[in-house]
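Asker:
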Amino acid sequence: MEVFKDLLFGFSVVLQPMNLLYCFFGVLIGTLVGVLPGVGPAAALSLLLPVTFYVPPVSTIILLAGITYGAMYGGSTTSILLNIPGEAASVVTCIDGYQMARKGRAGAALGISAFGSFIAGTITIFMLIFLAPPLANFALKFGPPEYFALMVLGLCIMVYLATGSIVNALIIVCFGLILGTIGLDQMTGVPRFIYKSTTLMDGIGLIQVVIGLFGVSEVLINVERTFKREIFETKMKGLLPNREDWRRSMGPIGRGTILGFFLGIIPGMSVVIPTFVSYVVEKKLSKYPEKFGTGMIEAVAGPEAANNAASTGTLVPTLSLGIPTGAATALLLGALMIHGLRPGPLLIQEAPDVFWGLVASLYAGNVMLLVLNLPLIGLWVKILKIPYHFLFSLILLLCIIGSYITNNNPYDVIIMAIFGLVGYLMKKFNYEAAPLVLALVLGPMMEKAFRRSLMLSDGGLGIFFTRPISASFLIMALLILLSPLFLRRKRLRENLRAGD
Amino acid sequence: MKRRTGTRTSIILCVTLVCLLWVASSQAQDYPKGPVQIVIPFGPGGLTDIFWRSTSEFMASHVKATIILVNKPGGGGVVGTSFVANAKPDGYTLVSANSDPLSMSPVFTPNVPYNPEKDITYIAKLAAFAFTIAVRGDSPFKTLEEAVAFAKANPKKLKCAVMGIGSTPHIILEVFNRDAKMEITPVPFDSGGESVTNLLGGHTDLCVVSLPSLKSHVLAGKARILAFCSPKRISDFPEIPTMGEKGYQKSSIATGVGLAGPKGLPPAIVSKWEEAMDRTMKDPKVIEIIEKLGGVVVDFKNGEGYKKELMTYLQMFKEEIVPSLPAKK
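Line order of the protein sequences matches chains G and X.
Residues are numbered in our numbering as their position in the first sequence, beginning at 1, plus a constant of 1.
Residues are numbered in our numbering as their position in the second sequence, beginning at 1, plus a constant of 19.
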């Protein structure tokens, strides 16, 4: 088959020693960048961009792509160990991953996220090869009305994200949506709730909120109790996932891969949303949904596979349409442009070595990442043996650096601190942080999509129902909203009661 | 055990030290003594960011200083620009001077915390960006006239993807609307890439976007450029007219990127940079790199010239465009 010949050609490109070396550097830098909270792949890519002048285009793209998916491996590390998401895409991993670590199963959690990422990475490469051209055209069908309908669906399934009271989760969702309105309104340029602060012009930063809500608040809670009692005193039970873990994780990894890849293809969806969707799906399918949030390995395996699959998925529109799906892919395109290559429909014909070399490097890079990450697990897990009163200062330092470095803006540190306090109070009063993060991601996108749709339709609401993709999403959302009324009246009532 | 966690600590130490270095490098007799920070008021990956990252090394060799590029995105460039406007005028904090935050935001966005005329010292204009008005490859409009004729006959029927309100593409469309006496509805998107996606997907009829975002689609026949909003024709597409040739002189808004610093920057420092920038922009290697980006043209002007250009536009937007905009709700 033609495709396999092309793929073999790709491997012949990657297996040249220099390209292998660049691939290794890429995934290594990616892992480090992923581990450090706040330093996203975009920041690392932009620092390395000038270096790539002196490197042939194939090596450039292999190096830079390595950073983007390497970061997805690294991002889970601090989530699981310290409850600080290394990337926004690892927020969901915090929920159960950190609980697993507290039960002495950090090794299993880290192991399954490395294997899950590897499996997802490998499968999606083949999806990329066979499905890229038709899927790229499908992604174009997503205009503002389709985005809006998809966001509505997202908000509806969010209710299932809650591990405790649904009422509390809804309150937090509203809080998140309100926070999402802060900043300069993209549609009219009108400032909203910014009180003349230039920092707030672009809204409240997701990274700052996430680091505050998860990292800082966890420290505050622990400082309150740990001087009497060391946490993590439980014995480490095995460094790698056992057979039972594997049995429970295979399904979530497979579903996470498919979800992540398809959602990653849609430009602008970001890598964050697929992880939440994967979490909710696993929770819905699980026989023990009530145990989610207490350290279920499914809830680590699924989202971790999803964020890796999504980062391969984002390459579909990037390479076949030349459309960046985020800052990181925009920089990949920039690197190609510096070399005079035009990413887009003609790339495969004009520069087959770049395209197939990149595809093959994804595989080589994933193997390297697995080899690189498995021995590191033993080392990471030892961090947990540091007495907490030493560890927490390190965690706070990481939080401060992470929140500063995203925009180089000292006020962002203040925002992070405020959300640390908010997160602490939320924990005290049994409100969960994850729905807030998702609402903050979805809210502004949903608002913009809604208003853009109305601009396209001159104010008519019909546009949401006459377009087939958008209509079917809305119908699904309606079914999800109504289903408890018919199916689980009793369970809903119990849940509501729990919230009182 | 301690030694192993040392890797982590040392990473943090390095990061902290680098941060401190930036702060410590002020006060100098023989400038430049330390690294110079140039703030890019946009996020990584945009045209401005890629422009700086691909040329800064050559600038550094001409000015004989280390240049550190720092992204401070937000508010359409206002956040980063305002940071530099308030910085110490010691020549160690400069800014990528873009036309959006300096000539457009002060007119179209309320509460911009600096005065682009008084609070900024302009050093040079470096390059201009070429914007295009484009349609899909299968669009019935083959020329600009056909689109204008249809828009005149069907007010508000045509939708045009632009970047956020108050951005260059939006202003171009508003000026075009006014001068052609028609109504094409602007639909604001977050980035040029998003505008192109929505054009190709058939969600909007037209799109005003910078050339690099669009180029490959034009070559593949998926999109067609009706006109360039640039002072002269673009060498890659010699057959496509400019807005000026079609009688819409004012839509050919010259936008671009330059270098500036806070007010009160010592003249010696300004002239040192101005001269170094002039030499950089004449460097054949730099011109080659810039041309490869596609849609960016070297357009060197000294500080005074750039300031005059920006202020002329600012005045025109204030007096001519704002009154003709539909009232804000």
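Ideal Cβ positions, reconstructed from N, Cα and C, are used throughout, including at glycine.
Does the distance from the CB of Gly-110/X to the CB of Ile-288/X come in under 7 Å?
Answerer: On the second sequence, residue 110/X is found 91 positions in, with the first residue counted as 1. On the second sequence, residue 288/X is found 269 positions in, with the first residue counted as 1. Yes; because the gap between Cβ atoms is below 7 Å, this pair is in contact.
Asker: Do you know how far the Cα of Thr-123/G is from the Cα of Ser-101/X?
Answerer: Sequence index remark: in the second sequence, residue 101/X carries index 82 (1-based). Sequence index remark: in the first sequence, residue 123/G carries index 122 (1-based). Looking at the two C-alpha atoms, the distance is approximately 46 Å.
Asker: Using only CA atoms, which one of Pro-290/G, Leu-178/G and Ile-259/G lies nearest to Ala-163/G?
Answerer: Taking the first residue of the first sequence as position 1, residue 163/G is located at position 162. For the residues Pro-290/G, Leu-178/G and Ile-259/G, the minimum Cα distance to Ala-163/G belongs to Pro-290/G.
Asker: Is the Cβ-Cβ distance between Cys-95/G and Ser-362/G less than 7 Å?
Answerer: Translated into the one-based positions of the first sequence, residue 95/G becomes position 94. Translated into the one-based positions of the first sequence, residue 362/G becomes position 361. Not in contact: Cys-95/G and Ser-362/G (Cβ atoms no closer than 7 Å).
Asker: Compare the C-alpha of Pro-192/G against each of Ser-124/X, Glu-193/X and Ala-279/X and name the closest.
Answerer: Walking along the first sequence from the start, residue 192/G turns up at place 191. That would be Ser-124/X, whose Cα lies nearest to the Cα of Pro-192/G.
Asker: So for Phe-148/X, helix, strand or coil by DSSP?
Answerer: Against the second sequence, residue 148/X aligns to sequence position 129. Residue state, collapsed to three classes: strand.
Asker: Check whether the segment 29 to 37 of chain G and the segment 49 to 64 of chain X touch, using three or more Cβ-Cβ pairs below 8 Å as the test.
Answerer: With a cut-off of 8 Å, the segment 49 to 64 of chain X and the segment 29 to 37 of chain G do not count as touching, because too few Cβ pairs lie within range.
Asker: Run through DSSP, which three-state label would Ser-229/X get?
Answerer: Translated into the one-based positions of the second sequence, residue 229/X becomes position 210. Strand.
Asker: Quick one: which chain G residues come within Cβ less than 9 Å of Val-98/X?
Answerer: Within the second sequence, the letter at position 79 stands for residue 98/X. Going along chain G in sequence order, the residues near Val-98/X (Cβ under 9 Å) are Thr-199, Thr-200, Met-202, Asp-203, Asn-408 and Asn-410.
Asker: Report the residue from Phe-208/X, Val-237/X and Pro-231/X whose alpha carbon sits nearest the alpha carbon of Thr-223/X.
Answerer: For this step, residue 223/X is matched to residue 204 along the second sequence. Per the Cα distances, Phe-208/X.
Asker: Whole angstroms are fine: how far does the CA of Val-55/X sit from the CA of Leu-40/X?
Answerer: Position 21 of the second sequence, counted from the start, is the residue given in the question as residue 40/X. Position 36 of the second sequence, counted from the start, is the residue given in the question as residue 55/X. Low per-residue confidence applies at Leu-40/X: pLDDT is 48, beneath 50, and the placement is therefore not dependable enough to give any value.
Asker: With DSSP collapsed to three states, give me the class of Ser-44/X.
Answerer: Residue mapping note: residue 44/X aligns to position 25 of the second sequence, counting from 1. The pLDDT assigned to Ser-44/X is 42, lower than 50, so where the model puts this residue is not dependable; a value taken from the coordinates is nonetheless given after this. Note: Ser-44/X maps to coil in three-state DSSP.
Asker: Once the 5 residues before and after Leu-333/X are set aside, which same chain residues still bring their CB inside 7 Å of it?
Answerer: Position 314 of the second sequence holds residue 333/X. Excluding sequence neighbours, Leu-333/X sits near Ser-122, Pro-125, Val-126 and Pro-135.
Asker: Please classify Pro-231/X as buried or exposed, where buried requires at least 16 neighbouring CB atoms within 10 angstroms.
Answerer: Within the second sequence, the letter at position 212 stands for residue 231/X. Buried, because 16 or more other Cβ atoms sit within 10 Å of the Cβ of Pro-231/X.
Asker: Give every residue of the same chain whose Cβ lies closer than 8 Å to the Cβ of Lys-21/X, excluding the five residues on either side of it in the sequence, and list them in chain order.
Answerer: Reading the second sequence from its first residue, position 2 is the one you call residue 21/X. At Lys-21/X the pLDDT is 42, less than 50, meaning the model places this residue with poor confidence; the figure from the coordinates comes in the next sentence. Excluding residues within five positions, none has a Cβ falling inside 8 Å.
Asker: Where does the unbroken beta strand (DSSP E) through Leu-113/X begin, and where does it stop?
Answerer: Mapped onto the second sequence, residue 113/X falls at position 94. Where Leu-113/X is concerned, the enclosing beta strand (DSSP E) stretches over 112 to 117.
Asker: Please tell me whether Lys-91/X and Pro-60/X are closer than 7 Å, where the distance is taken between their beta carbons.
Answerer: Taking the first residue of the second sequence as 1, we reach residue 91/X at position 72. Taking the first residue of the second sequence as 1, we reach residue 60/X at position 41. Their beta carbons are under 7 Å apart, which means Lys-91/X touches Pro-60/X by this criterion.
Asker: Output, in chain order, the set of chain G residues within a Cβ distance shorter than 8 Å of Gly-280/X.
Answerer: Position 261 of the second sequence, counted from the start, is the residue given in the question as residue 280/X. The contacting residues do not exist; Gly-280/X stays about 17 Å from chain G at best.
Asker: Please determine if the segment 103 to 120 of chain G and the segment 375 to 395 of chain G are in contact, where contact requires at least 3 C-beta pairs separated by less than 8 Å.
Answerer: With the cut-off at 8 Å, the segment 103 to 120 of chain G and the segment 375 to 395 of chain G touch.
Asker: Per DSSP, what are the beta-bridge partners of Asn-321/X in this structure?
Answerer: Indexing the second sequence from 1 puts residue 321/X at position 302. Asn-321/X is bridged to Ala-143/X.
Asker: Where does Gln-17/G sit, in a helix, a strand or coil, going by DSSP?
Answerer: As a first step, residue 17/G must be located in the first sequence, where it is residue number 16. Three-state result, Gln-17/G: coil.
Asker: Given that Lys-137/X touches chain G, what residues does it touch there, using C-beta distances under 8 Å?
Answerer: In the second sequence, residue 137/X corresponds to position 118, counting from 1. Within chain G, no residue comes near Lys-137/X; the closest Cβ sits about 18 Å away, beyond 8 Å.
Asker: Alpha carbon to alpha carbon, how far is Leu-129/G from Phe-319/X?
Answerer: On the first sequence, position 128 is the one that residue 129/G refers to. On the second sequence, position 300 is the one that residue 319/X refers to. For Leu-129/G and Phe-319/X, the distance between alpha carbons rounds to 43 Å.
Asker: Do the segment 205 to 216 of chain G and the segment 74 to 85 of chain G make contact, defined as three or more Cβ pairs closer than 8 Å?
Answerer: Contact between the segment 205 to 216 of chain G and the segment 74 to 85 of chain G is present, because at least three Cβ pairs lie under 8 Å.
Asker: How many Å lie between Asp-157/X and Gly-220/X at the Cα?
Answerer: Against the second sequence, residue 157/X aligns to sequence position 138. Against the second sequence, residue 220/X aligns to sequence position 201. In a straight line, the C-alpha of Asp-157/X is about 12 Å away from that of Gly-220/X.
Asker: How would you list, in chain order, the residues of chain X whose beta-carbon sits under 7 Å from the beta-carbon of Leu-332/G?
Answerer: Taking the first sequence and counting its residues from 1, one reaches residue 332/G at position 331. Within 7 Å Cβ-Cβ: Pro-63 and Gly-64.
Asker: Exposed or buried, what is Leu-9/G when buried is set at 16 or more other beta-carbons lying within 10 Å of its beta-carbon?
Answerer: By one-based count along the first sequence, residue 9/G stands at place 8. So Leu-9/G counts as exposed.
Asker: May I ask which residues mark the beginning and end of the beta strand (DSSP E) holding Gln-56/X?
Answerer: Reading the second sequence from its first residue, position 37 is the one you call residue 56/X. It spans 55 to 59 - the beta strand (DSSP E) in which Gln-56/X sits, taken as one unbroken run.
Asker: Against chain X, does Met-456/G count as a neighbour if the rule is that its beta carbon must be under 7 Å from one of theirs?
Answerer: For the purposes of this step, residue 456/G is taken as the residue at position 455 of the first sequence. So yes, Met-456/G belongs to the interface.
Asker: DSSP three-state label for Thr-74/X, please.
Answerer: To locate residue 74/X, count along the second sequence from 1; it is residue 55. Three-state DSSP puts Thr-74/X in a helix.
Asker: Can you find a CB in chain X that lies within less than 7 Å of the CB of Pro-42/G?
Answerer: By one-based count along the first sequence, residue 42/G stands at place 41. Chain X, which has no Cβ nearer than 7 Å to the Cβ of Pro-42/G, makes this no.
Asker: DSSP on Cys-179/X, reduced to helix/strand/coil?
Answerer: The residue given as residue 179/X occupies position 160 in the second sequence. Reduced to three states, the DSSP call for Cys-179/X is strand.
Asker: Any beta carbon from chain X within less than 7 Å of Ala-311/G's own beta carbon?
Answerer: Numbered from 1 along the first sequence, position 310 holds the residue referred to as residue 311/G. It does not: the Cβ of Ala-311/G has no partner Cβ on chain X nearer than 7 Å.
Asker: Given Phe-139/G, which residues of its chain have a CB within under 8 Å of its CB, disregarding the five upstream and five downstream residues?
Answerer: Residue numbering aside, residue 139/G sits at position 138 when the first sequence is read from its first letter. Cβ neighbours of Phe-139/G beyond the five flanking positions: Ile-266.
Asker: Taking only the alpha-carbon atoms, compute the straight-line gap between Val-211/G and Leu-482/G and give it to the nearest angstrom.
Answerer: Within the first sequence, numbered from 1, the residue matching residue 211/G stands at position 210. Within the first sequence, numbered from 1, the residue matching residue 482/G stands at position 481. If I take the Cα positions, the gap works out to 28 Å.
Asker: Going along the chain, which residues of its own chain have a beta-carbon closer than 6 Å to the beta-carbon of Ala-440/G, five neighbours each way excluded?
Answerer: Working through the first sequence from its first residue, we reach residue 440/G at position 439. Hits under 6 Å: Val-174, Gly-177 and Leu-178.
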